[in-house]
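So the number in this note's numbering is just where the residue sits in the sequence shown, counting from 1, plus 1. Glycine included, C-beta positions come from ideal geometry on N, C-alpha and C.
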Amino acid sequence: MPPSSRDSAADAGWTCREPGTYTSLLPADTRDLSWTRPATLWRARNDVLARWFGDPTDDERARWVGEQLARGADPEFAIPRDDPDSFSFMILGDTGEGDGSQYAVVPGFEKVGAGTRFAIIASDVIYPTGSVNEYPAKFFRPYQGYDAPIYAVPGNHDWYDGLGGFMHVFCGAPPLSPDGRPKALSAAWWRRLFWKEPDVADERLLAAGEALRSAPEQRAVQPGPYWVMDAGPLRIIGIDTGILGGIDADQGAWLRRVSQGPRPKILITGKPLYVDDAHHPGPIAGGGTVDDIVRDPANNYVAAIGGDIHNYQHYPVQVGDRVIEYIVSGGGGAFMHATHTIPRVRVGGVTEKEFRCYPLRGDCLAFYSRLYGRRLRLRRFFELTEDQAAAVISQRLEMPPNRATEAAVTWRARLVASLLGVPPRPHRRSRLRLPVRRIYQRFLSPMSDSNHPPLFKSFLRLDVTPERLRIRCFAATGCREHELDPPIEDEITIHLPQ
Numbered sequence: 002m003p004p005s006s007r008d009s010a011a012d013a014g015w016t017c018r019e020p021g022t023y024t025s026l027l028p029a030d031t032r033d034l035s036w037t038r039p040a041t042l043w044r045a046r047n048d049v050l051a052r053w054f055g056d057p058t059d060d061e062r063a064r065w066v067g068e069q070l071a072r073g074a075d076p077e078f079a080i081p082r083d084d085p086d087s088f089s090f091m092i093l094g095d096t097g098e099g100d101g102s103q104y105a106v107v108p109g110f111e112k113v114g115a116g117t118r119f120a121i122i123a124s125d126v127i128y129p130t131g132s133v134n135e136y137p138a139k140f141f142r143p144y145q146g147y148d149a150p151i152y153a154v155p156g157n158h159d160w161y162d163g164l165g166g167f168m169h170v171f172c173g174a175p176p177l178s179p180d181g182r183p184k185a186l187s188a189a190w191w192r193r194l195f196w197k198e199p200d201v202a203d204e205r206l207l208a209a210g211e212a213l214r215s216a217p218e219q220r221a222v223q224p225g226p227y228w229v230m231d232a233g234p235l236r237i238i239g240i241d242t243g244i245l246g247g248i249d250a251d252q253g254a255w256l257r258r259v260s261q262g263p264r265p266k267i268l269i270t271g272k273p274l275y276v277d278d279a280h281h282p283g284p285i286a287g288g289g290t291v292d293d294i295v296r297d298p299a300n301n302y303v304a305a306i307g308g309d310i311h312n313y314q315h316y317p318v319q320v321g322d323r324v325i326e327y328i329v330s331g332g333g334g335a336f337m338h339a340t341h342t343i344p345r346v347r348v349g350g351v352t353e354k355e356f357r358c359y360p361l362r363g364d365c366l367a368f369y370s371r372l373y374g375r376r377l378r379l380r381r382f383f384e385l386t387e388d389q390a391a392a393v394i395s396q397r398l399e400m401p402p403n404r405a406t407e408a409a410v411t412w413r414a415r416l417v418a419s420l421l422g423v424p425p426r427p428h429r430r431s432r433l434r435l436p437v438r439r440i441y442q443r444f445l446s447p448m449s450d451s452n453h454p455p456l457f458k459s460f461l462r463l464d465v466t467p468e469r470l471r472i473r474c475f476a477a478t479g480c481r482e483h484e485l486d487p488p489i490e491d492e493i494t495i496h497l498p499q
């Protein structure tokens, strides 16, 4: 197996012998997506409006689904497939920044994905607002060399444009017909007053983009924002979790229906069910949760894979007499959400012994310490080597380091770790308790976007036989050597019940 970041700092990408070729794939006029620009934040305002004035996602999704059914979509939203009993496919999540961090994933993705039957994007195809006019640069161009269909489930950013871009590209749907005006001065009225409306499609721009993935073997049409496909011995079910993470009652009834039966199943979701040492079961309007359906032994789910959080995490949760693999796969191209803020894992019966994440917490802390050292011009204070960061993480979480290190934990290292959000030791009161974990998740991680190695991106390859499912997490660091031989950061083998 190729070396990984658990073996050495070089294998994590800290000492690139040669930069990757991904920079040659970037269009000449590419502008890095900055999450600190006021224009970017203003375009993504629908998230805040949905939280303040109510989330219209369920109503809008019902309209999309109704119009798709009226156009003749399959009532069960099934994607027809004709896959053999043994095949492979790819999953990557949160892809579409359109800059170096997205393109850095492409060479390894194409190499590992050679010969696979299809790929799935799990959440946030396009940043920052899912605009239909950004698909040529952020979807069609990056993946023009992948010679198989690509399906997707939308993320919250895809909904910031009313899902119009997503539905046009993946479902061939025209824009929604206008709806009625809300009651004056109601919450919906205030929301509509500031709501970002969908962009008008530039048909010439879209046609040029679609031509980049126009080969018959690349063609993919899905019936709606949620769907089901029977692929070989597996059933794969994709759900649309909208802006805030729940699903509507009609989609919930559909999910219960298509989940029935003994066929082994994988759930693909825009929001992960386990992430950052917390359980988010996914509410269903009218009662129940998505995870209730996943955990039901009669439905025979073996894995649930979600995007939204931009790193890799793996929680093997014991449910009765079986294990369900809960995975976060959001490292497909967007800025990196911090892993060093994840406390010692104790959720769902999973411990640090079973938990996996990428990047490793120590590498993540070293990355952020260097970035903030440069930005604040306090490099001598903030910057930690990868060994120093690994040592302080090991001490704070009271666990062996992921890589061998002899670095001493100094007072400065402990202070930097506290300032950058590393949790205090379990069962101990920290002298410096800063509320930075949530701030990191919502603000500091997107503000710390980088397009230079090491990038700590990732994607999945799944290999299916009638007897087993193998899931491997591959790294994309931005280094040339890792484009040629992508490191494997995690590997899971699931024995499929017959």
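Start-to-end residues for the beta strand (DSSP E) that takes in residue i
i: Gly307; result: 302-307
i: Leu485; result: Where Leu485 is concerned, there is no enclosing beta strand (DSSP E), although the alpha helix (DSSP H) it sits in stretches over 481-485.
i: Phe475; result: 469-477
i: Thr494; result: 489-496
Beta carbon of residue i nearer than 7 Å to that of residue j
i: Gly333; j: Gly94; result: yes
i: Pro224; j: Ala74; result: yes
i: Ala414; j: Glu387; result: no
i: Gly21; j: Gly349; result: no
i: Val154; j: Ile269; result: yes
i: Gly308; j: Ser124; result: yes
i: Tyr122; j: Met230; result: Checking the displayed sequence, the identity of residue 122 turns out to be Ile instead of Tyr. No.
i: Ser459; j: Tyr313; result: yes
i: Thr494; j: Arg462; result: no
i: Lys139; j: Gly97; result: yes
i: Lys1; j: Asn47; result: The structure shown does not extend to residue 1, since the chain spans only 2 to 499, so no value can be given for it.
i: Asp8; j: Ala232; result: no
According to DSSP, residues forming a beta bridge with residue i
i: Asp288; result: Reading the sequence as shown, one finds Gly at residue 288 and not Asp. Partner(s): none; Gly288 has no beta bridge.
i: Val229; result: Ala79, Ile238
i: Thr270; result: Ile240, Gly307
i: Val276; result: Ala279
i: Met91; result: Ala120, Arg462
i: Ser330; result: Tyr313
i: Phe141; result: According to DSSP, Phe141 bridges with nothing at all.
i: Ala153; result: Ile122
i: Ile325; result: Val318
i: Pro20; result: Cys480
Same chain only: Cβ atoms within 6 Å of residue i, ignoring 5 sequence neighbours per side
i: Leu433; result: The pLDDT assigned to Leu433 is 45, lower than 50, so where the model puts this residue is not dependable; a value taken from the coordinates is nonetheless given after this. If we look at Leu433 and ignore the five residues flanking it on each side, its Cβ neighbours are Ser419.
i: Val170; result: Tyr136
i: Pro176; result: Gly165
i: Glu490; result: Ser5, Tyr359, Cys474, Ala476
i: Arg357; result: His315, Asp491
i: Tyr500; result: The chain is shown from 2 up to 499; residue 500 falls before or after that span and cannot be answered.
i: Val423; result: His341, Arg397
Chain D within 7 Å of residue i, Cβ atoms only
i: Thr406; result: Chain labels in this structure do not include chain D; a single protein chain is all it has.
Status (buried if at least 16 other CB within 10 Å, exposed otherwise) for residue i
i: Pro454; result: buried
i: Glu399; result: exposed
i: Gly247; result: buried
i: Val201; result: exposed
i: Ser6; result: buried
i: Gly321; result: exposed
i: Pro436; result: Any reading at Pro436 is ruled out, since the residue's pLDDT is 43, under 50, leaving its predicted position unreliable.
i: Ser431; result: Low confidence applies to Ser431: its pLDDT is 48, below 50, so where it sits in the model is not reliable enough to give any reading.
i: Arg38; result: exposed
i: Pro143; result: buried
i: Ser395; result: buried
i: Lys354; result: exposed
i: Gln389; result: buried
i: Arg62; result: buried
Own chain partners of residue i with C-beta closer than 7 Å, once the 5 adjacent residues on each side are dropped
i: Pro234; result: Asp86, Pro265, Val465, Pro467, Leu497
i: Pro199; result: Asp162, Gly163, Gly165, Pro176
i: Tyr128; result: Leu34, Gly97, Glu98, His158, Ala335
i: Arg118; result: Asp84, Phe88, Ser89, Phe90, Ala149
i: Leu485; result: none
N-terminal and C-terminal residue of the alpha helix (DSSP H) that residue i is part of
i: Lys112; result: 107-113
i: Leu420; result: 412-420
i: Arg503; result: Coverage of the chain is limited to positions 2 through 499, which leaves residue 503 absent and any answer about it impossible.
i: Ile127; result: That residue, Ile127, is in no alpha helix (DSSP H); it is neither H nor E in DSSP.
i: Gly253; result: 250-259
i: Val170; result: 165-172
i: Val66; result: 58-71
Own chain residues within Cβ distance below 8 Å of residue i, not counting five before or after
i: Gly287; result: Ala250, Gly253
i: Gln261; result: Ala299, Asn300
i: Pro76; result: Leu70
i: Arg481; result: Cys17, Arg18, Glu19, Pro20, Gly21, Thr22
i: Glu492; result: Met2, Arg471, Ile472, Arg473, Cys474
i: Thr24; result: Gly101, Tyr104
heavy atom of the ligand GTP below 6 Å from residue i C-beta
i: Leu377; result: The ligand GTP is absent from the structure shown, which contains no ligands of any kind.
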